[in-house]
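Q: I have a structure here, written as structure tokens, and I will follow up with some questions on it.
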Amino acid sequence: MLGSNALTFVGFGDYQYSVDQSVPRGSQFIRADDFGLSPFYKGTITFNPRIRNYNVDFSGRWELGSLDDCLEHFFVGVNATLTHTCWEWRHECYKTAPSNLVLAPNLLTLAIDIMFPLGEMSEYRNFDGFKSIPEALQAERGFGGDGFSTYGILGPMRYGRFILDRPAKATALANVDAIVGYDFSRCDCSHFSVFLRTSAPTGTQIYSKTILEPIIGNGHHWELGGGIDARGDLWQCDNASLTAYLTGNLTHLFRDGQTRIIPLVQGCCLSQYSLLKEYDKNGLLIPGIVRGTDVAARQVKSSFALQGDATLGFVYRNCDWAFNTGLNIFGRSREKLEDVRPTVDLDKRVFGIKGRTPVFAQIPAQVGLYIASTSSTYCITDSNNANTPIDGTPTPVVNSTDWYTGDPALQATPTYLNLATICKMHGVPRMVTYKLFGAIDYQHKDGDRRPFMGIGGEVEFGSNRNCKVCAANQWGIWTRVGLGF
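Residue numbers (my numbering): 588 to 1072.
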């Protein structure tokens, strides 16, 4: 299970909550209209994600000394896991009314939660917003269309959707490990061996169609490396014993193709969900609005120089019972991304972040509209120096230096996104996780076949020096049954 998180969606009636210097700026504040909610909407959604895995493990080891004396102490092994995984958000929504909302008398207040003001998303006022946060995050349709013009978003979200109405499930054979090793020593009370290990990419591949996409395996990479396996009895008396063990491996993860959604503003979480305007070669606005995720999606080749996994544990055995506890450390170097390419042809297309800027600024305005230059430094919650709204007066606003007029729209001079800079994306930062675990097992040892069963739990913490949440903090419990022979 993962930790609980919350996102608050605010409209322009409550923008000061997300830009006030007394409130920490961060990803918990989201602009409502970027997700197809009315700019008059305000609400919070909380997540308490849960991941459930059902595994069937296969493991085999064969000594090669029986085939030839020259191969004494050599062994081969195969490990594989068949996994069914279920990922679910488990969400709750809390909707509140905007505190600073001032409406013109002729607006339909009953439909305000789905209304986009005149010029905000299209040439005309429309009631095409999503009715709730879950509907907006799932994004199964477009929004902002008025039925008369070509503005608004016409289709569903292609990348980065939240699937909230059902668990996301997947079944696959996790990485198949093949091992060739050598025993330096092996007896009833201890052993020490080294091995070479490779893993085949039989798990799921990353397409980024949804957030919290089920993952089985290591991200679909080939692995190659080596490791050690050691065990020794610390104490033994009659049917009881205390054993320490250490196992670890270090591997390289080779390049594999994936699809990623990258931030449109470096270091700005969720900026890839910003709405974009598209311009022609003359800098004139092209009708319509583009989802940022469609532009931010990239096909990449992903690899990791090193990945390490080590476990130090202790087992106390008494007759058929075993009590196991220990520490697992997992680490990975910074991800290397190569051959970064857009998922659609963007070479000759020009975009700018919409921000608070309307696509049409009609005069007179029926509701105050923010007219601020599109800014490439936009970071979820708007910049603090955005202009104040235009009041609803019939006086035309024309300034040849900062503005140009349309027919009949008024548009801000844009700051374009630098797609070349976006393509120079960084991969997942280096990370280390620490997992404490414990388990109780019972194994019936009479006969050649040895059935066993057990229950256990774990708590995992992930961070690094520069990133406090580079890996998920999570906890889990498990039960297992099996047969040894």
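Glycine included, every Cβ here is placed at the ideal spot set by N, Cα and C.
Among Ile849, Arg618, Leu751, whose alpha-carbon lies nearest the alpha-carbon of Cys928?
A: In the sequence shown, residue 928 corresponds to position 341, counting from 1. Note that residue 928 corresponds to Arg in the displayed sequence, not to Cys. Measuring from the Cα of Arg928, the nearest candidate turns out to be Ile849.
Q: Look at the alpha carbon of Asp926 and the alpha carbon of Val597, and state the distance between them as a whole number of angstroms.
A: The count along the sequence shown starts at 1 and reaches residue 926 at position 339. The count along the sequence shown starts at 1 and reaches residue 597 at position 10. Going by the C-alpha atoms only, they are around 37 Å apart.
Q: Classify Leu811 as helix, strand or coil using the three-state DSSP reduction.
A: Counting from one through the sequence shown, the residue named residue 811 turns up at place 224. Residue state, collapsed to three classes: strand.
Q: From the DSSP secondary-structure annotation, give me the bridge partner or partners of Cys776.
A: Looking up residue 776 in the sequence shown gives position 189. Per DSSP, none; premise fails for Cys776.
Q: When burial is assigned at 16 or more other CB atoms within 10 Å of the CB, is Leu654 buried or exposed?
A: In the sequence shown, the residue the question calls residue 654 occupies position 67. By the 10 Å Cβ count, Leu654 comes out exposed.
Q: Unbroken beta strand (DSSP E) runs of length 3 or more, entirely within the region 821 to 902: which are they?
A: Here the runs fully enclosed are 827 to 848, 862 to 866, 872 to 878.
Q: So Arg842 and Ser777 are in contact, right, with Cβ under 8 Å, and what is the actual spacing, rounded?
A: Taking the sequence shown and counting its residues from 1, one reaches residue 842 at position 255. Taking the sequence shown and counting its residues from 1, one reaches residue 777 at position 190. With a Cβ gap of about 40 Å, Arg842 and Ser777 do not count as contacting.
Q: By DSSP, does Phe1039 sit in helix, in strand, or in coil?
A: Position 452 of the sequence shown, counting from 1, holds the residue named residue 1039. Residue state, collapsed to three classes: strand.
Q: For Ile720 and Gly1043, I'd like the C-alpha separation in whole angstroms.
A: Along the sequence shown, one-based indexing puts residue 720 at 133. Along the sequence shown, one-based indexing puts residue 1043 at 456. Near 37 Å, if we compare the C-alpha coordinates of Gly1043 and Ile720.
Q: Need the endpoints of the beta strand (DSSP E) that Glu650 sits in, please.
A: Mapped onto the sequence shown, residue 650 falls at position 63. Residues 637 to 650.
Q: Counting pairs of Cβ atoms below 8 Å between the region 741 to 755 and the region 674 to 684, do you hit three or more?
A: Yes, since at least three Cβ pairs between the region 741 to 755 and the region 674 to 684 fall closer than 8 Å, the two stretches touch.
Q: By how many angstroms is the C-alpha of Ala827 removed from the C-alpha of Met744?
A: One-based indexing of the sequence shown puts residue 744 at position 157. One-based indexing of the sequence shown puts residue 827 at position 240. Looking at the two C-alpha atoms, the distance is approximately 60 Å.
Q: Since Tyr628 sits in a beta bridge, which residues does DSSP pair it with?
A: Within the sequence shown, residue 628 is the residue found at index 41, counting from 1. Answer by DSSP bridge pairing: none, since Tyr628 is not bridged.
Q: Does DSSP put Ala723 in a helix, a strand or coil?
A: In the sequence shown, residue 723 corresponds to position 136, counting from 1. Of the three classes helix, strand and coil, the one that applies to Ala723 here is helix, per DSSP.
Q: DSSP three-state label for Cys906, please.
A: Taking the sequence shown and counting its residues from 1, one reaches residue 906 at position 319. The answer is coil: DSSP assigns Cys906 none of H, G, I, E or B.
Q: Nearest by alpha-carbon distance to Leu872: which of Glu650, Ile940, Leu669, Glu800 is it?
A: Taking the first residue of the sequence shown as position 1, residue 872 is located at position 285. Of Glu650, Ile940, Leu669, Glu800, the residue nearest in Cα terms is Ile940.
Q: DSSP on Leu783, reduced to helix/strand/coil?
A: Numbered from its first residue, the sequence shown carries residue 783 at position 196. Leu783 falls in the strand class under three-state DSSP.
Q: Taking only the alpha-carbon atoms, compute the straight-line gap between Pro801 and Arg637 and give it to the nearest angstrom.
A: Here residue 801 corresponds to residue number 214 of the sequence shown, with the count starting at 1. Here residue 637 corresponds to residue number 50 of the sequence shown, with the count starting at 1. For Pro801 and Arg637, the distance between alpha carbons rounds to 11 Å.
Q: Given a cut-off of 8 Å, decide if Asp1028 and Gly1041 are closer than it, judged by their beta-carbon atoms.
A: Taking the sequence shown and counting its residues from 1, the one referred to as residue 1041 is at position 454. Taking the sequence shown and counting its residues from 1, the one referred to as residue 1028 is at position 441. Going by C-beta atoms, Gly1041 is nearer than 8 Å to Asp1028.
Q: Can you give the beta carbon distance from Gly895 to Gly918, rounded, assuming they're within the 8 Å contact cut?
A: The residue labelled residue 895 in the question sits at position 308 within the sequence shown. The residue labelled residue 918 in the question sits at position 331 within the sequence shown. That belief holds up - the Cβ atoms of Gly895 and Gly918 are roughly 5 Å apart, short of 8 Å.
Q: Kindly indicate the opening and closing residues of the beta strand (DSSP E) around Glu925.
A: Counting from one through the sequence shown, the residue named residue 925 turns up at place 338. From DSSP, the beta strand (DSSP E) with Glu925 extends over 922 to 929.
Q: Just to confirm my understanding: we take Arg1110, look at its own chain, exclude 5 residues before and 5 after, and list those with CB closer than 6 Å. What are they?
A: Outside the modelled stretch of the chain, which goes from 588 to 1072, sits residue 1110, for which no answer is possible.
Q: Excluding the five sequence neighbours on either side, which residues of its own chain have a C-beta within less than 8 Å of the C-beta of Trp1062, listed in chain order?
A: If you number the sequence shown from 1, residue 1062 lands on position 475. Cβ neighbours of Trp1062 beyond the five flanking positions: Met588, Gly1044, Glu1045, Val1046, Glu1047.
Q: By Cβ distance below 7 Å, which residues in the same chain neighbour Phe730 in space, the five residues on each side in sequence not counted?
A: The sequence position of residue 730 within the sequence shown is 143, counting from 1. If we look at Phe730 and ignore the five residues flanking it on each side, its Cβ neighbours are Gly623, Asp715, Gly716, Phe717, Gly739, Ile740.
Q: Assign Val931 to buried or exposed, taking buried as 16 or more other Cβ atoms, counted over all protein chains shown, within 10 Å of its Cβ.
A: If you number the sequence shown from 1, residue 931 lands on position 344. Per the 10 Å Cβ criterion, exposed.
Q: Per DSSP, Leu914 is paired with what?
A: Translated into the one-based positions of the sequence shown, residue 914 becomes position 327. Leu914 pairs with Leu899, Leu1023.
Q: Per DSSP, what kind of secondary structure is Asp816 in: helix, strand or coil?
A: Position 229 of the sequence shown, counted from the first residue, corresponds to residue 816. Strand.
Q: Quick check on this structure: which residue in Tyr903, Gly706, His1031, Tyr628 has the alpha carbon closest to the alpha carbon of Trp822?
A: Start at 1 with the first residue of the sequence shown, and residue 822 comes out as number 235. Cα-wise, what sits closest to Trp822 is Tyr903.
Q: In the DSSP assignment, what are the bridge partners of Phe634?
A: Sequence index remark: in the sequence shown, residue 634 carries index 47 (1-based). Beta-bridge pairing links Phe634 to Asn592, His678.
Q: Name the two residues that bound the continuous beta strand (DSSP E) containing Leu1070.
A: Taking the first residue of the sequence shown as position 1, residue 1070 is located at position 483. That run of the beta strand (DSSP E) goes 1061 to 1071.
Q: Around the Cβ of Gly806, are there at least 16 other Cβ atoms within 10 angstroms (buried) or fewer (exposed)?
A: As a working note, residue 806 is residue 219 in the sequence shown. Buried, by the Cβ-count rule.
Q: Mind checking whether Gly804 and Phe782 have CB atoms under 8 Å apart?
A: The count along the sequence shown starts at 1 and reaches residue 804 at position 217. The count along the sequence shown starts at 1 and reaches residue 782 at position 195. The answer is no: Cβ separation not under 8 Å.
Q: Short of 6 Å in beta carbon distance, which residues of its chain neighbour Val887, apart from the five on each side in sequence? Order them along the chain.
A: Here the question's residue 887 lines up with position 300 in the sequence shown. Only Gln845, Arg847, Leu924, Val927 meet the Cβ criterion.
Q: DSSP state of Phe622, grouped into three classes?
A: Numbered from 1 along the sequence shown, position 35 holds the residue referred to as residue 622. Correct three-state label for Phe622: helix.
Q: Under the DSSP definition of a beta bridge, which residues are partnered with Ile731?
A: Position 144 of the sequence shown, counted from the first residue, corresponds to residue 731. Residue 731 is actually Gly in this sequence, not Ile. DSSP, once it has assigned bridges, lists no residue as partnering Gly731.
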